[in-house]
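J.:
Number of protein chains: 2
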Amino acid sequence: MIVVRAFGVSLDGFGAGPNQSLENPLGERFTEVMEWFFPTRVFQKMYGSGEGETGTDNGMAEKSFDNLGAWILGRNMFGPVRGPWPDESWKGWWGEEPPYHVPVFVLTHHARKPLRMKGGTEFFFVTDGIESALKQAKAAAGGKDVRIGGGATTIRQYLQAKLIDELHFALRPILMGSGEPLFSGLDLRALGYQVADSIPGERAMHVIIRKKEKP
Amino acid sequence: MIVVRAFGVSLDGFGAGPNQSLENPLGERFTEVMEWFFPTRVFQKMYGSGEGETGTDNGMAEKSFDNLGAWILGRNMFGPVRGPWPDESWKGWWGEEPPYHVPVFVLTHHARKPLRMKGGTEFFFVTDGIESALKQAKAAAGGKDVRIGGGATTIRQYLQAKLIDELHFALRPILMGSGEPLFSGLDLRALGYQVADSIPGERAMHVIIRKKEKP
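As given, the protein sequences belong to chains A and B, one line each in that order. Going by my numbering, the first residue of the first sequence is number 46, and it counts up by one from there. Going by my numbering, the first residue of the second sequence is number 46, and it counts up by one from there.
(1) For A/Y203, which of helix, strand or coil comes out of DSSP?
(2) Helix or strand or just coil, what does DSSP make of B/F123?
(3) Taking only runs that begin and end inside the stretch 56-114 of chain A, name each unbroken beta strand (DSSP E) of 3 or more residues, in chain order.
(4) Counting pairs of Cβ atoms below 8 Å between the stretch 180-193 of chain B and the stretch 105-116 of chain B, do you hit three or more?
(5) If you drop the 5 nearest sequence neighbours on each side, which residues of the same chain put their C-beta closer than 8 Å to that of B/P159?
(6) I'd like to know whether the C-beta of A/P218 is nearer than 9 Å to at least one C-beta of chain B.
(7) Suppose you measure from the CA of A/V149 to the CA of A/A197; what does that come to, to the nearest Å?
(8) I need the boundaries of the beta strand (DSSP E) containing A/I253, first residue and last residue.
(9) Using a Cβ-Cβ cut-off of 7 Å (strictly less than) and excluding sequence neighbours within five positions of B/R120, which residues of its own chain qualify?
(10) Got a sec: is the Cβ-Cβ distance from A/P226 to anything in chain B below 9 Å?
(11) For the stretch 210-228 of chain A against the stretch 244-257 of chain A, are there 3 or more C-beta pairs whose distance is under 8 Å?
(12) Shorter than 9 Å from the beta carbon of B/F83 to some beta carbon of chain A?
(13) At the level of alpha carbons, what is the spacing between B/D232 and A/M221?
(14) Looking at C-alpha atoms only, which residue of B/K183, B/P143, B/A178 and B/D111 is the closest neighbour of B/G164?
(15) Along chain B, in chain order, which residues have C-beta atoms closer than 8 Å to that of A/L233?
(16) Mapping DSSP to helix, strand and coil, what is A/L179?
(17) Hey, which unbroken runs of the beta strand (DSSP E) at 3 residues or more fall wholly within the stretch 209-247 of chain A?
(18) Which residue's Cα is closest to the Cα of A/R161: A/D132, A/G137 and A/H155?
(19) Taking buried to mean at least 16 other C-beta atoms within 10 Å of its own C-beta, is B/H251 buried or exposed?
(20) On the premise that A/A215 lies in contact with A/W81, defined as a C-beta separation below 8 Å, what is that separation, rounded to the nearest angstrom?
(21) Pick from A/F52, A/G60 and A/I200: whose alpha carbon is nearest that of A/D102?
(22) Using beta carbons (cut-off 9 Å, strictly below), is A/Y238 in contact with chain B?
(23) Helix, strand or coil: how does DSSP classify A/A156 here?
(24) Drop a sphere of 10 angstroms on the beta-carbon of B/D57, count the other beta-carbons inside from all chains shown, and report buried for 16 or more, exposed for fewer.
(25) Can you check DSSP and say which residues form a bridge with A/W116?
(26) Taking a cut of 8 Å between CB atoms, which residues from the stretch 92-121 of chain A lie near chain B?
(27) Applying a beta-carbon distance threshold of less than 7 Å, which residues of chain A neighbour B/V252?
(28) Just tell me which of B/Q239, B/F123, B/E96 and B/H155 has its CA closest to the CA of B/G195.
(29) Would you say A/F52 lies against chain B (beta-carbon separation less than 9 Å)?
(30) I think A/P218 touches B/S229, with their Cβ atoms under 8 Å apart; what is that distance to the nearest whole Å?
(31) Contact criterion: CB-CB distance below 9 Å. Does A/F214 meet it with respect to chain B?
(32) Using a Cβ-Cβ cut-off of 9 Å, state whether B/P129 counts as contacting chain C.
(33) Between B/S229 and chain A, is there a C-beta pair that is closer than 9 Å?
(34) For B/I47 and B/L179, which I take to be in contact (beta-carbon distance under 8 Å), what is that distance rounded to the nearest angstrom?
(35) So which of A/S55, A/E133, A/P245 and A/G97 has the shortest CA-CA distance to A/G72?
(36) So, at 8 Å on beta carbons, what are the nonlocal neighbours of B/Q202 in its own chain, with the 5 sequence-adjacent residues on each side left out?
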């Protein structure tokens, strides 16, 4: 399956904050959307110091890493560098051992050599479009799921192409006000999607969207 | 207080369906957004035959009628007639005894005499804008709350003018795909609003938005 998991969206429909930068990789204030994730045991194990909470939000966060064989990321998810790569010094936001542990395909207009990191993550830079990235990711995933990690623009492109089978959004009841809209101008219903489930968590409502079965 | 209560919005941010008509007063398919309301005891008492459910959704629906002294409605909420009133035969969607029981101010570009209905509802037709309607509604409400009933366009106008103190949205986890967007192009954060509470109901998430206190 091609999936999106644990993707945060604000009440007013934003999938990223305004003005992405090195200081604000998800855009300004988007951490407020991610606040459902930070207290979970999953997040605390990866980046934190505490034990973390083990409720519904944590359960959904755990599931979001199940059975993944490859990831696809938009370039802004990989880093703040725009235009041609000046050198190979930028190696992602995550340090020496990124949390992927599988091949990760990064969409970009600028070629770059694959980048092998500790712990099984290898970044491949795909310059010939979303369908090519998906084909490569599927081949690399070896029958497991391919997770499209974001950002909002990347998810919108794959949705528009009807290439995603299942999406899990974590809808945070906060107002972003501005940023990158996730649903705007996208007729998900006409594209064949429907809500399969919604699960209230401690700090977000988890909504599962699936492509309708063809009759 | 000037309030919006129990206003339905879809996951993808629509506050009304496409193609409003006599058959579909809320636009096509918007009944799917209202499905949280239909099973409640409040709704069943007004329009139904059954007892209705008494959970969180019903509690929020009950509260939505508390302490109301007047309503404001956009013209489409009052009826499907567009342009000048051809006659006075259209008396609203609700039959002889509408569920308001207080003065209701209808925004329109076309003058019409007030319309007194059974049970205390009287419709007044306001042709000189949203601020005038609010002024008249406040005077009529005698210290109680003024509820802005909708539709989406009317709520957006009052939000843009920062005239609403508190909003309760019932966010339904369904995809409308098209219709009238509620949040699109509206920076609620910059307008001074923030989420005060969110309460998961049986079929909707109830989100309370309030104007921030001035420092």
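Quick reminder that beta carbons are idealized off the backbone N, C-alpha and C, glycines included.
T.: Based on what the coordinates show:
(1) Within the first sequence, the letter at position 158 stands for residue 203 of chain A. DSSP places A/Y203 in helix when its eight states are reduced to three.
(2) Counting from 1 along the second sequence, the entry for residue 123 of chain B is found at position 78. B/F123 falls in the helix class under three-state DSSP.
(3) Runs of beta strand (DSSP E) with 3 or more residues, each lying fully within the stretch 56-114 of chain A, are found at 59-61, listed in chain order.
(4) Yes: at least three Cβ pairs fall under 8 Å.
(5) To locate residue 159 of chain B, count along the second sequence from 1; it is residue 114. If we look at B/P159 and ignore the five residues flanking it on each side, its Cβ neighbours are E167, F168, F169 and F170.
(6) Counting from one through the first sequence, the residue named residue 218 of chain A turns up at place 173. Cβ-Cβ to chain B under 9 Å: yes for A/P218.
(7) Here residue 149 of chain A refers to the residue found at position 104 when the first sequence is read from its first residue. Here residue 197 of chain A refers to the residue found at position 152 when the first sequence is read from its first residue. If I take the Cα positions, the gap works out to 17 Å.
(8) On the first sequence, residue 253 of chain A is found 208 positions in, with the first residue counted as 1. Counting along the chain, the beta strand (DSSP E) containing A/I253 begins and ends at M250 to K256.
(9) Within the second sequence, residue 120 of chain B is the residue found at index 75, counting from 1. Taken in chain order, the residues that qualify are V151, L152 and T153.
(10) In the first sequence, residue 226 of chain A corresponds to position 181, counting from 1. For A/P226, the answer is yes, since a Cβ of chain B falls inside 9 Å of its Cβ.
(11) Yes: at least three Cβ pairs fall under 8 Å.
(12) What you label residue 83 of chain B is simply residue 38 of the second sequence in a count that begins at 1. It does not: the Cβ of B/F83 has no partner Cβ on chain A nearer than 9 Å.
(13) If you number the second sequence from 1, residue 232 of chain B lands on position 187. If you number the first sequence from 1, residue 221 of chain A lands on position 176. Going by C-alpha positions, B/D232 is about 8 Å away from A/M221.
(14) In the second sequence, the residue the question calls residue 164 of chain B occupies position 119. Of the listed residues, the one whose Cα sits closest to B/G164 is B/P143.
(15) Working through the first sequence from its first residue, we reach residue 233 of chain A at position 188. Under the 8 Å cutoff, chain B gives D57, L220 and G222.
(16) Counting from 1 along the first sequence, the entry for residue 179 of chain A is found at position 134. When secondary structure is reduced to three states using DSSP, A/L179 falls in the helix class.
(17) Here the runs fully enclosed are 211-217 and 238-245.
(18) As a working note, residue 161 of chain A is residue 116 in the first sequence. Among A/D132, A/G137 and A/H155, the Cα nearest to that of A/R161 belongs to A/G137.
(19) Here residue 251 of chain B is taken as the residue at index 206 of the second sequence, counted from 1. So B/H251 ends up on the buried side.
(20) Taking the first residue of the first sequence as position 1, residue 81 of chain A is located at position 36. Taking the first residue of the first sequence as position 1, residue 215 of chain A is located at position 170. Indeed they touch by this definition, with Cβ atoms about 5 Å apart.
(21) Taking the first sequence and counting its residues from 1, the one referred to as residue 102 of chain A is at position 57. Closest by C-alpha distance to A/D102, out of A/F52, A/G60 and A/I200, is A/F52.
(22) The count along the first sequence starts at 1 and reaches residue 238 of chain A at position 193. The beta-carbon of A/Y238 is placed less than 9 Å from the nearest beta-carbon of chain B.
(23) Position 111 of the first sequence, counted from the first residue, corresponds to residue 156 of chain A. In the structure shown, the three-state DSSP call for A/A156 is coil.
(24) If you number the second sequence from 1, residue 57 of chain B lands on position 12. Residue burial is scored here from C-beta neighbours: B/D57 has at least 16 other C-beta atoms within 10 angstroms and is therefore classed as buried.
(25) The sequence position of residue 116 of chain A within the first sequence is 71, counting from 1. Answer is A/V149 and A/R192, bridged to A/W116.
(26) Per Cβ criterion, the list is empty.
(27) For the purposes of this step, residue 252 of chain B is taken as the residue at position 207 of the second sequence. Close to B/V252, with beta-carbon spacing below 7 Å, are these residues of chain A in chain order: L56 and P218.
(28) What you label residue 195 of chain B is simply residue 150 of the second sequence in a count that begins at 1. Nearest option by C-alpha distance: B/F123.
(29) To locate residue 52 of chain A, count along the first sequence from 1; it is residue 7. Against chain B, the CB of A/F52 has no partner CB under 9 Å away; the residue lies outside that interface.
(30) Reading the first sequence from its first residue, position 173 is the one you call residue 218 of chain A. Reading the second sequence from its first residue, position 184 is the one you call residue 229 of chain B. Contact check for A/P218 and B/S229: beta-carbon distance about 18 Å, past the 8 Å limit, so the pair fails to qualify.
(31) On the first sequence, position 169 is the one that residue 214 of chain A refers to. Yes, contact with chain B.
(32) Of the protein chains in this structure, namely A and B, none is chain C.
(33) Within the second sequence, residue 229 of chain B is the residue found at index 184, counting from 1. Interface residue (Cβ-Cβ distance to chain A less than 9 Å): B/S229 is classified as such.
(34) Start at 1 with the first residue of the second sequence, and residue 47 of chain B comes out as number 2. Start at 1 with the first residue of the second sequence, and residue 179 of chain B comes out as number 134. Their Cβ separation, rounded to whole angstroms, is 7 Å, which keeps B/I47 and B/L179 in contact under 8 Å.
(35) For the purposes of this step, residue 72 of chain A is taken as residue 27 along the first sequence, with counting starting at 1. The residue with the shortest Cα to Cα distance from A/G72 is A/S55.
(36) For the purposes of this step, residue 202 of chain B is taken as residue 157 along the second sequence, with counting starting at 1. Hits under 8 Å: I175.
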